[in-house]
Structure formats: C-alpha cells, structure tokens
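Undergrad:
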DNA sequence: CTAGGGTTAG
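In our numbering, the protein residues as written are 1 to 846.
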C-alpha cells in the first residue's frame with residue numbers, strides 16, 4: 001500500500017482546531033481512534049490543513065476506509081478551490097481502483113457539489129454523466145448540484161437533459177430541485193422556462209421566489225423583478241437577506257432611488273441584520289442612482305475594507321467618468337489592501353483607457369503579468385481596448401495576437417480600436433474575416449460608417465443586417481437614426497420610428513435623443529417634439545436636441561422657452577447646449593437675446609465661452625448686419641480667433657455685400673487654415689455678387705494655382721424609399737428627359753408669374769443667357785422638378801442640399817410652392833426652409 | 001442539497 005498524497009512537512013501545531021480539545025463520543029461501528037481522527041476533516045478550512053489531517057489518518061492506517069474517503073471528499077469540496085478538488089478527485093479515483101468498486105452515491109454527490117461551487121461546471125457535468133454510465137442512480141441531492149454546474153458551464157443542453165431525468169424519476173415536485181431548475185433556466189437566459197417551472201410548483205419557499213427575482217434582475221428585467229417581489233409579499237412570504245440584495249440590485253438597474261431608500265428603511269424596520277453583501281449592494285445602488293453622499297456615508301460606516309466594495313466603487317467611478325477617483329481607490333488598495341484581483345484590474349485598465357494614460361496602463365499590464373491574471377480573457381480584452389485608446393495600435397494588435405482563446409469581445413475591441421485609430425478599411429476587413437460576429441460587431445461598423453460620413457452605406461449595412469436575420473437593438477438604431485438625420489430622409493425617419501415600435505426596441509434616453517435629432521434634421525419638428533415630450537427623463541443632451549430642433553426651424557422664441565423650462569427642472573446647461581441656443585438666436589434673428597445669453601454663460605452658469613460660442617455671436621451680429629460690432633467682439637476675444645470665426649464674418653459679408661471686410665477675413669482664414677479652400681469660393685461669390693469681376697478673376701486664379709475646385713453642389717430627394725442625388729447640370733438620371741421637360745415648364749410658368757432670375761450669385765463671367773441656363777440647372781431645382789413628376793399631386797417635396805441655397809433657388813422654391821400647390825422643404829447645410837404658398841419659414845433671412 | 005454583491009467591446 002502506498003501513501004498516495006504528499007504530506008506537508010509543516011504540521012501545524014498552532015491551530016487549536018487541529019489539536020483535539022475534547023473527547024468525542026464513542027461510535028459503536030468504528031474504533032475510538034477512527035471517529036476521533038476523522039472528525040478533524042470537517043474542521044479544515046484550507047487544503048494544507050486537510051493534507052495534514054489526511055496524513056495523520058493515513059499513519060493510523062485508516063485512509064482506505066470508505067468513511068474516510070467520503071469525509072475527505074466532502075471536506076475538499078467545502079474548501080472549494082480547484083487544487084482541493086484535484087486532491088479529492090485523486091483520493092476518489094485511487095479508492096475506486098484499489099477497492100475495484102465505483103464510488104458511492106455520496107462521494108459522487110460531494111464531488112459534483114464541489115465542482116459546481118468552485119465554478120468548474122463542465123467537470124461537474126462530466127462526473128454526473130460518468131456516474132449515470134456507472135449505473136449509479138442519482139438521488140434528490142444530486143440534481144441541485146449538477147444543475148448548478150450546468151449554469152456555470154454554459155451547459156444548457158445538459159441541463160435540459162437533467163430536467164428530463166428529473167421528470168422521469170418523478171422528482172419535479174421536490175422544492176429544492178424545482179428551485180434549482182428555476183435558477184438554471186434563469187441563468188441560461190431562458191426566463192420563460194424559468195417562469196414555467198415556477199408557475200408549476202405546488203410548494204414555493206423564499207428561495208423559489210428569490211431565484212426567479214434574481215433571474216429577472218440578471219437578465220435586465222428589473223421592473224419584472226420588482227413586481228414579482230410585491231407578489232411575493234402578497235403571498236405572505238417574507239424576504240430574507242438574499243431577496244433584499246436582489247431587490248437592491250433591481251433598484252440600481254432601474255436607477256430608482258426612491259424604492260432603494262424604501263428597501264433600506266425596510267431593512268431597519270424588519271430588523272434584518274445588515275451584512276457585507278447588503279452593504280456592497282446598497283453602495284452600488286446609491287452610486288448608480290447618483291446619491292454619492294449616501295454611498296459615502298455607508299462606506300465610512302463600514303469598517304471592514306472588502307474587495308468587492310472597493311471594486312464596486314471603482315467600477316462605478318470609471319463608468320461615470322470619475323476616473324481619477326477610481327485610480328485613487330486603486331492606489332490605496334495597492335498600499336494598504338485589499339489586494340487587487342482581476343475585477344479590480346479590469347476597472348483600473350479601463351480607467352487608463354479612458355484617460356489615455358499609457359504609462360499607468362503599462363504599469364497595470366505589469367501587475368497583471370506578475371500576478372498571473374493574463375489568462376483571463378476579459379483582462380486581455382480590456383488591455384486591447386486600453387492600448388487602442390492610448391493610440392498604441394501596435395501594442396493593441398499584439399495583445400490581441402497573444403490571446404490563445406480570442407472571444408467575440410476581443411475581435412470587437414480590435415475592430416473598434418482600428419476605427420478609433422483611423423483604419424476603418426482594416427476594421428472592415430477584420431469584420432468580414434472574424435469567425436463569428438455578434439450584434440456589437442455590427443453596431444460598431446454601423447457607427448463607424450456614420451462617423452466617416454458614409455450615411456447611405458450605414459443604412460445599407462443596416463439592411464444587410466436585417467437580411468442576415470440579426471435583430472437590431474437600441475444601439476444600432478442610434479447609429480441608423482443619426483445617419484438618417486444627416487441624409488434628411490423623412491420617409492426613412494418615419495420608417496425607423498415604426499421599426500423601433502414594431503420590434504419592441506427599448507427606447508432609452510440616448511435613442512430618444514437621437515430620434516429627436518433625426519426628426520429635427522429631417523424637417524419634422526413636430527415629430528421631434530412629440531418624442532421629446534414623451535421622454536420619461538431628459539438630460540442636457542436631450543434638451544440640446546430639442547433646442548436644436550427649434551433652432552433649425554428658426555423658432556428662437558420656443559428655443560428660449562425650452563431653455564427656461566430646462567432650468568426650472570434643475571438640469572444644468574453645458575457648452576454644447578449654448579451652441580444650440582445661440583444658433584437658435586442666430587436663426588431667429590434675436591440679437592439682444594443672443595447677447596443676453598452669451599453674457600449669462602459666465603456670470604450665471606459659470607461656463608466660459610469658447611471659440612465656438614464667439615463664432616455663434618459673430619454669426620448673430622453678422623446676420624443682423626452689425627459687422628463693426630462683430631469685428632470688435634473678435635478683437636476682444638481672450639483667445640486667438642480661429643478660421644471658423646473669420647468664416648462666420650466672411651459669410652455675413654456675403655449677405656451684406658461688404659467686400660473690404662470680406663477680403664480681410666479671407667486673408668485671416670488663409671493664414672490660419674491654408675487647407676480651407678472653400679473660403680476662396682465664398683470670397684469669389686461675394687465679389688461676383690457685387691459685380692467685381694476683376695477680383696473674381698484674381699481669386700479664381702489663386703484657386704487654380706492651388707489646385708482647388710469648388711465643392712460641387714448636390715441635392716438629394718427621397719422617393720419611395722430610394723434616395724436620388726443630383727449635381728448641378730446633372731444629366732445622369734435615367735429619367736433625365738422628363739426631368740428636363742418639367743424644368744423647362746417650371747421656368748416658363750415662373751416667368752409668366754413675373755419671376756426674374758437673380759443672377760448675382762452666378763460666379764462665372766459669361767453672358768446673361770448662359771448664366772440663366774446654369775442657374776436653372778442648380779441641383780436643388782433638378783431635385784424639385786424630379787419630385788414634382790415622381791410624387792402624387794399635393795404631396796410634400798423634401799430636398800436636402802449640401803451647400804447653402806442661393807437666392808434664386810430660394811425664390812424659385814417659393815414660387816413653385818404657390819403655383820404647383822406643394823409644400824417644399826429644403827434643408828441646406830445651415831438650416832431648414834419650409835416653402836408654402838409662396839412664402840418661406842425663414843422670412844427670407846438665411 | 002437550492003437563491004445574493006463587483007466584470008471588458010458598440
């Protein structure tokens with residue numbers, strides 16, 4: 001007989017639990033020594049202690065008795081580390097070999113339980129199958145253990161088979177087994193199955209309710225969890241500490257502070273003892289609800305520093321962008337514990353990624369390597385992200401390549417990283433090559449196309465997604481809505497809204513904001529405001545979208561009303577919001593209101609105006625023709641004016657035909673941003689409009705020398721879901737002949753109605769007739785003509801143009817709206833124009 | 001015997 005197990009030389013004499021202190025009562029079936037020694041097993045808390053007891057038992061020649069092996073296995077399972085289970089497994093197998101038997105039911109149960117609770121679910125399943133093959137019939141204790149293993153090993157199919165075995169043995173009414181089934185299905189995301197098992201139970205205890213409640217919380221149905229909790233109370237089942245933890249977790253997900261406080265009060269009233277897990281859950285809930293003071297109070301009251309609490313605080317700080325605070329907690333942990341684990345490192349690496357702090361990121365990488373945490377794929381994934389966000393795509397790539405087991409998240413992090421570093425095409429290649437893509441991969445690519453201003457391609461990719469049977473979620477729809485907004489395609493916008501409703505896509509604040517913005521850009525402020533009004537909560541971005549909608553419509557007054565309403569509701573304005581507000585003043589031509597808001601930024605709201613805000617003010621003053629005032633403002637700026645500022649001034653000069661200031665502004669722009677070639681076009685437009693042809697020629701010469709060409713004007717119109725795009729003098733459309741005929745008819749009818757072509761904006765010095773021809777072929781006119789022939793009488797026509805409309809096209813549109821009795825909307829690169837019965841919503845100011 | 005806190009990518 002060999003001693004099978006290494007015996008630790010460090011026989012501990014220090015622990016009293018190892019030293020017998022009292023007489024154990026004699027057991028008639030075993031010798032006194034036997035029961036005396038074996039009793040030590042269950043006192044062991046670590047593998048080392050177990051090994052010592054085992055060595056003691058072996059010396060007494062007891063190690064082969066079934067009761068010894070059984071107790072050893074049970075104790076190893078209780079210790080619950082992979083090493084202790086390994087030790088138990090060896091004892092188990094050795095015993096079976098030596099005795100020529102299979103293990104007993106109890107041994108199997110203990111080992112399966114150990115594997116399941118150590119998170120080694122696949123081992124638990126294997127052992128269960130082995131046991132069944134060996135002809136040992138599982139009992140009612142086996143099933144809860146093996147089911148718990150199935151949840152942890154992604155063993156859904158195995159679990160369903162176990163369920164079958166349970167039914168076969170007629171054990172489905174056992175409350176422990178039914179509870180385990182509820183938990184199993186819930187963990188696998190099959191809430192309907194979980195619910196079915198729960199509903200079929202004749203007897204339910206607090207664990208049954210808690211398992212289902214917890215399942216709903218984990219699968220992101222916190223409302224369902226809360227209502228189930230109240231159902232449980234009505235059924236007169238008292239919650240215990242586990243139920244309460246689940247409920248707090250639901251409050252955190254719902255960001256329902258009120259309910260969270262009630263739960264907290266309930267704990268006190270019901271006299272439930274506050275334990276560590278509850279404190280952790282409460283701190284998490286308070287932080288997610290933004291009640292930082294309550295979180296801090298609990299934190300300081302809690303004397304014990306525990307790892308999960310530190311991790312809770314760190315992850316919440318990182319998520320809320322309080323990255324420095326997260327790293328402070330991390331530094332504290334390194335100095336005085338608790339020792340950071342892999343979850344800690346996940347937050348720390350994520351913090352470095354957000355900060356773009358490569359140095360600290362590398363230090364974290366070092367800690368990960370020193371502590372052997374790199375085998376965990378989440379850590380490697382976070383590291384890919386970190387290096388990519390620190391603009392170290394080589395390192396990110398290397399972190400990716402080093403991974404033995406790449407997950408979808410690894411691929412997605414790589415794709416997102418490549419896009420962030422400007423390699424969209426490489427990202428596209430990776431996207432097509434990756435072994436399995438998921439929703440996040442698609443969403444990343446849709447968002448990337450939007451970011452690259454490839455809006456039609458983004459919509460197209462969304463269509464491919466649908467053909468592939470991939471269900472879009474709210475993140476997809478944010479990208480799609482944003483693309484649609486830039487395209488200004490109202491039919492598509494309406495379709496998108498219906499799609500979201502039909503597919504039951506949850507409309508959170510971000511998506512709702514995207515939809516408000518989409519409808520605003522598509523020229524449907526009513527729909528935009530309807531969505532805005534239905535929003536349950538609105539942050540500053542939501543208000544900005546709504547104010548932006550008013551700005552695009554030129555409704556300055558309503559924009560200000562919205563702003564005041566926002567202040568009443570206690571939402572703090574930010575820099576971006578003031579851009580929307582000032583733009584609204586600009587389009588609403590409210591100079592005084594603009595000045596008032598601009599001055600209040602610093603004095604009332606504590607926000608220092610940035611260059612962009614000065615730009616808005618210059619725009620406001622410029623449009624009103626107060627060019628001297630605008631110039632003074634530019635000179636008083638605390639920072640250097642940039643090319644955008646001068647661009648605003650230049651644009652104003654065009655409207656008010658101030659060539660001298662225009663030339664000065666254009667020079668400043670050329671100094672600051674020589675690559676901004678569009679400026680020369682604008683300048684030559686200004687000269688052309690005042691008839692200064694020599695100047696025009698000069699500018700055109702400069703343009704030629706620099707190899708610059710005018711950005712071609714283009715207009716698009718959506719008919720029956722297809723977007724048709726036209727450039728000026730475009731003859732590429734399949735229906736070019738009917739379009740040309742229609743255009744000719746319109747021009748004739750306009751002339752009859754007394755319309756005189758306004759040639760001032762034609763930049764080319766050609767004869768009047770040629771000018772008239774060119775003017776008549778501006779892209780928006782072609783698009784409108786196409787709209788008239790391809791849509792039914794009385795239907796509105798909506799056109800999107802990439803440049804600002806010229807004065808002649810503006811008059812043209814007004815007259816067409818009257819003669820043909822059509823509502824026409826043109827969105828140019830600046831704002832909306834609603835033409836109706838010969839008038840425009842901009843009142844001829846744009 | 002069953003249930004509970006912190007976890008990366010868009």
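Here a beta-carbon is modelled for each residue, glycine too, at the ideal position from N, C-alpha and C.
Nothing here was measured: the structure is a model prediction, and the numbers come from that model.
Can you check whether the CB of residue 147 is closer than 8 Å to the CB of residue 180?
TA: Going by C-beta atoms, residue 180 is nearer than 8 Å to residue 147.
Undergrad: Beta-carbon within less than 6 Å of residue 487's beta-carbon, same chain only, minus the 5 sequence neighbours each way: which residues are those?
TA: 455, listed in sequence order.
Undergrad: For residue 224, which residues of its own chain have a beta-carbon under 6 Å away from its beta-carbon, when the five flanking residues on both sides are left out?
TA: Only 216 meet the Cβ criterion.
Undergrad: Nearest by alpha-carbon distance to residue 648: which of 628, 672, 623, 667 is it?
TA: Comparing Cα-Cα distances from residue 648 to each of 628, 672, 623, 667, the minimum goes to 623.
Undergrad: Would you say residue 131 and residue 108 are within 8 Å of each other, going by their C-beta atoms?
TA: Yes, the Cβ-Cβ distance between residue 131 and residue 108 is below 8 Å.
Undergrad: For residue 258, count neighbouring C-beta atoms within 10 Å of its own C-beta (all shown protein chains included) and say buried if the count is 16 or more, exposed if not.
TA: With fewer than 16 Cβ atoms within 10 Å of its Cβ, residue 258 is classed as exposed.
Undergrad: DSSP three-state call for residue 825: helix, strand or coil?
TA: Looking at residue 825 - three-state DSSP - the assignment turns out to be strand.
Undergrad: Could you spell out the range, first to last residue, of the beta strand (DSSP E) harbouring residue 718?
TA: Run containing residue 718: 714-719, per the beta strand (DSSP E) assignment.
Undergrad: CB-CB under 7 Å to residue 554, same chain, minus the five flanking residues each way: which ones, in chain order?
TA: Excluding sequence neighbours, residue 554 sits near 587, 588, 831, 841, 842.
Undergrad: Taking only the alpha-carbon atoms, compute the straight-line gap between residue 29 and residue 251 and give it to the nearest angstrom.
TA: Summary for residue 29: the model assigns pLDDT 41, below 50, so the residue's position carries little reliability, and this model does not support an answer.
Undergrad: Going by DSSP, which residues form a beta bridge with residue 722?
TA: Answer is 719, bridged to residue 722.
Undergrad: To the nearest angstrom, how far is the alpha carbon of residue 406 from that of residue 377?
TA: Taking the straight line from one Cα to the other gives about 7 Å.
Undergrad: Do residue 426 and residue 399 count as a contact pair if the criterion is CB distance below 8 Å?
TA: No. Outside cutoff.
Undergrad: Measure from the alpha carbon of residue 466 to the alpha carbon of each residue in 503, 452, 482, 433, then state which is nearest.
TA: For the residues 503, 452, 482, 433, the minimum Cα distance to residue 466 belongs to 503.
Undergrad: To which residues of the same chain is residue 461 closer than 7 Å at the C-beta, ignoring the five residues directly before and after it?
TA: Result list for residue 461: 445, 446, 449, in chain order.
Undergrad: If you run the structure through DSSP and keep just helix, strand and coil, what is residue 834?
TA: Residue 834: strand per DSSP, three-state reduction.
Undergrad: For residue 829 and residue 737, I'd like the C-alpha separation in whole angstroms.
TA: Computed Cα separation, rounded: 29 Å.
Undergrad: Between which residues of its own chain and residue 757 is the CB-CB distance below 7 Å, once the five residues before and five after are set aside?
TA: Here the set comprises 772, 775, 808.
Undergrad: Is the number of C-beta pairs between the segment 307-316 and the segment 328-347 that are closer than 8 Å three or more?
TA: With the cut-off at 8 Å, the segment 307-316 and the segment 328-347 touch.
Undergrad: Could you have a look at residue 48 and say whether DSSP puts it in helix, strand or coil?
TA: Helix, per DSSP.
Undergrad: Please look up how many angstroms separate the CB atoms of residue 162 and residue 143, rounded, as I've assumed it's under 8 Å.
TA: Yes, they are in contact, since the Cβ atoms of residue 162 and residue 143 sit about 6 Å apart, within 8 Å.
Undergrad: Is the separation between the beta-carbon of residue 862 and that of residue 541 shorter than 8 Å?
TA: Limits of the chain in this structure are 1 at one end and 846 at the other, which puts residue 862 out of reach.
Undergrad: Closest to residue 190 by C-alpha separation, out of 599, 220, 532, would be which residue?
TA: Measuring from the Cα of residue 190, the nearest candidate turns out to be 220.
Undergrad: Apart from the five residues just before and just after residue 368, which ones in its own chain have a Cβ nearer than 7 Å to its Cβ?
TA: Within the same chain, residue 368 has close Cβ partners 345, 374, 379.
Undergrad: Going by CA-CA distance only, name the one from 60, 340, 51 that's closest to residue 75.
TA: The shortest Cα separation from residue 75 among 60, 340, 51 belongs to 51.
Undergrad: Keeping to the same chain, check which residues put their C-beta closer than 6 Å to that of residue 822; ignore five residues upstream and five downstream.
TA: Result list for residue 822: 797, in chain order.
Undergrad: Looking only at DSSP bridge pairs, what is residue 801 linked to?
TA: In DSSP, residue 801 forms a bridge with 715.
Undergrad: Who are the Cβ neighbours of residue 21 in its own chain at under 7 Å, not counting the five residues just before and after it?
TA: In this prediction, residue 21 scores a pLDDT of 33, lower than 50, which makes its location untrustworthy; the coordinate-derived value is nonetheless stated afterwards. Result list for residue 21: empty, nothing under 7 Å.
Undergrad: In three-state terms, what does DSSP make of residue 407?
TA: Looking at residue 407 - three-state DSSP - the assignment turns out to be coil, as it is neither helix nor strand.
Undergrad: Go to residue 842, then tell me how far its alpha helix (DSSP H) extends in each direction, as first and last residue.
TA: Segment: none, residue 842 is in no alpha helix (DSSP H) and carries neither H nor E.
Undergrad: Between which two residues does the alpha helix (DSSP H) holding residue 122 run?
TA: That run of the alpha helix (DSSP H) goes 121-133.
Undergrad: With respect to the alpha helix (DSSP H) encompassing residue 65, which residues constitute its N-terminal and C-terminal limits?
TA: First-last for residue 65: undefined, no H or E at that position.
Undergrad: With distances taken from CA atoms, which of 570, 612, 556 is nearest residue 847?
TA: Shown here, the chain extends from 1 to 846; a query on residue 847 therefore has no answer.
Undergrad: Please tell me whether residue 318 and residue 350 are closer than 8 Å, where the distance is taken between their beta carbons.
TA: For residue 318 and residue 350, yes; Cβs fall inside 8 Å.
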